[in-house]
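Residue numbers (the working numbering): 34 to 473.
For each residue, glycine too, the CB sits at the ideal point set by N, CA and C.
All figures in this text were calculated on a predicted structure; none of them were measured in a lab.
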């Protein structure tokens with residue numbers, strides 16, 4: 034066999050081929066399409082919601098800030114609530130319910146004009162959104178089984194592609210700038226929930242027996258009782274080891290706020306780089322996630338690789354923060370190049386985190402209580418979305434370049450702690466079992 038043929042087999046089929054035949058078969062393929070449709074609607078909402086609330090409902094900037102802040106807090110509760118319900122009811126039915134719930138709340142957004150009426154409506158929308166994401170993760174864990182990391186990579190690619198399409202469509206409506214155009218964009222988001230619900234309805238309920246830990250097979254027992262701090266039968270809220278993982282996973286999600294908030298504000302307020310570069314950050318992120326997520330996911334499959342990916346995440350975040358710190362020096366084009374490099378690094382960090390965080394959340398959870406555990410794990414992203422932007426604007430950027438250096442060092446240090454804690458909890462068993470299976 035030629036060396037090129039060997040490499041081709043190691044790389045495996047491309048993105049489009051795997052989207053046509055993903056881990057989990059027909060149901061997974063339909064779910065990926067539903068996810069892409071859902072995220073297309075999310076792109077419409079993300080691009081138009083603030084302008085809609087400003088120019089159509091006439092809320093002040095302070096009211097919008099409170100509205101979205103409260104909604105973010107409500108979203109935190111969505112993950113554990115979905116995990117708890119998924120332990121009692123079919124995941125498929127719950128996910129359809131989340132889509133229909135958000136359909137109702139989006140329609141109410143169109144008829145509510147006052148702050149008091151919009152506050153609970155938007156809060157419930159965000160709660161349903163976070164719950165849906167957790168249920169999608171549970172569906173993938175059950176349908177894809179041991180190939181869940183590959184499925185997660187495909188879902189990330191599909192979600193980012195959908196989000197980009199939604200943002201592009203929203204740009205047309207925003208260019209028109211009329212009340213009717215804003216309302217059409219909101220209705221487009223609501224329509225995406227209808228289509229997504231119909232697609233999910235066409236799938237079958239994934240069997241609980243399809244949930245496997247990893248090809249290594251040894252992680253589940255370690256998570257159930259061998260690791261320190263695990264409370265047998267006590268659930269995730271009494272499992273100190275798992276709660277430590279979730280707590281440390283919050284700063285492991287800061288790449289999201291750095292990309293969406295830190296990079297644009299730092300460019301505008303503290304560097305001489307052209308403001309036209311701001312959209313380039315999102316373009317770099319979207320394109321690289323769609324193109325590279327599948328190949329990167331292979332580096333985080335299994336307990337040992339997932340733990341190493343956390344370390345790499347810390348290194349990439351440290352480098353990104355270092356570039357941001359030095360972006361204030363030099364001329365406009367030099368600052369622009371440095372900031373684009375920072376956008377590239379934070380995107381690479383996101384690629385590592387998006388797979389490793391999920392893989393570890395699954396491996397560290399007892400198999401017979403995985404739904405409840407993953408519901409708690411999903412809180413880390415929601416908490417970061419609420420706490421990350423204030424941390425960056427009020428502490429990190431207020432401290433100047435030194436603030437970025439301290440943040441990068443802190444995240445890198447916490448990544449070491451997280452990696453070692455996960456390795457201890459999983460134990461040496463998974464590595465030995467994986468080696469034995471590889472030898473067969």
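Asked, Found
"Same chain only: Cβ atoms within 6 Å of residue 387, ignoring 5 sequence neighbours per side", "189"
"Test item: CB-CB of residue 228 and residue 288 under 8 Å", "no"
"Contacts around residue 453, its chain only, beta-carbon distance under 7 Å, and the 5 residues preceding and following it disregarded", "none"
"Contact set for residue 61: own chain, Cβ-Cβ below 7 Å, skip 5 residues either direction", "55, 176, 177, 184"
"8 Å contact criterion, which residue 325 and residue 384 should meet: CB distance rounded", "6 Å"
"Three-state class that DSSP yields for residue 314 in the structure shown", "helix"
"Three-pair Cβ contact test at 8 Å for the region 146-165 versus the region 102-118", "yes"
"Buried or exposed by the 16-neighbour rule on C-beta atoms within 10 Å, applied to residue 222", "buried"
"Other residues of its chain near residue 110: CB distance less than 7 Å, five sequence neighbours each side excluded", "160"
"Whether residue 429 touches residue 440 by CB criterion (8 Å)", "yes"
"Distance between beta carbons of residue 181 and residue 174, contact taken as under 8 Å", "5 Å"
"Per-residue burial, residue 394 [other beta carbons within 10 Å of its own, 16 or more giving buried]", "buried"
"Whole-angstrom distance between residue 414 and residue 362, CA atom to CA atom", "33 Å"
"Cα-Cα separation between residue 53 and residue 238, rounded to whole angstroms", "20 Å"
"Residue 87 versus residue 121: straight-line alpha-carbon distance, rounded", "41 Å"
"Min CB distance residue 348 to chain D below 8 Å", "Going by chain labels, chain D is absent from the structure shown, which holds only one protein chain."
"Per-residue DSSP class, three states only, for residue 169", "helix"
"Residue from 369, 338, 374 with nearest C-alpha to residue 352", "374"
"Whole-angstrom distance between residue 460 and residue 77, CA atom to CA atom", "44 Å"
"Opening and closing residue of the alpha helix (DSSP H) in which residue 71 lies", "58-88"
"Candidates 68, 101, 74, of which the one nearest residue 422 by Cα", "101"
"Close-in-space but distant-in-sequence residues of the same chain around residue 235 (CB under 7 Å, 5 per side omitted)", "63"
"For residue 203 and residue 172, the rounded distance between their alpha carbons", "29 Å"
"Neighbourhood of residue 97 by C-beta, 8 Å cutoff - its chain only, sequence neighbours within 5 removed", "83, 86, 87"
"Residue 209, buried or exposed, once every other Cβ within 10 Å from all chains shown has been counted against 16", "exposed"
"Inter-residue spacing [alpha-carbon to alpha-carbon] between residue 226 and residue 359", "44 Å"
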